[in-house]
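Please read the structure below before turning to the comments.
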Amino acid sequence: MTSKDELNNDASMTSKDELNNAANESSIMESPEEKKRRFLIEFENPFKCDKCNERFKKKKYLREHKGEVHAY
Numbered sequence: 128m129t130s131k132d133e134l135n136n137d138a139s140m141t142s143k144d145e146l147n148n149a150a151n152e153s154s155i156m157e158s159p160e161e162k163k164r165r166f167l168i169e170f171e172n173p174f175k176c177d178k179c180n181e182r183f184k185k186k187k188y189l190r191e192h193k194g195e196v197h198a199y
């Protein structure tokens, strides 16, 4: 018999694998123009808010955003 922890680990590994596969499929489906556009967006604004996905040029701006917008 398997324990609950083993089942949970198996389930989490499956979801991670599924996420990786989905990411790989989306990158395969991207046209060169879309890849370039996404690269430029991520390069110009490398710091991304975990809660709203807004991007910032500097980590300082991200910290300020989190403090003002997502403060509890």
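Numbering-wise, the sequence shown is residues 128 to 199 according to the numbering used here. Backbone N, C-alpha and C define an ideal beta-carbon position, used for all residues, glycine too.
If the five residues before and after LYS193 are omitted, its C-beta is found closer than 7 Å to the C-beta atoms of CYS176, all from its own chain and listed in chain order.
Excluding residues up to 5 positions away in sequence, PHE174 lie with their Cβ nearer than 8 Å to the Cβ of TYR188 in the same chain. Distance between LYS184 and ALA198, taken at the CA atoms: about 20 Å. Scanning its chain for C-beta atoms nearer than 6 Å, with the 5 sequence neighbours on each side dropped, one finds around ASN172 the residues ARG182, PHE183 and LYS184, in chain order.
Rounded to the nearest whole angstrom, the CA to CA distance from MET156 to ILE168 is 18 Å. Membership of GLU191 in the alpha helix (DSSP H) is indicated by the continuous run 186 to 196.
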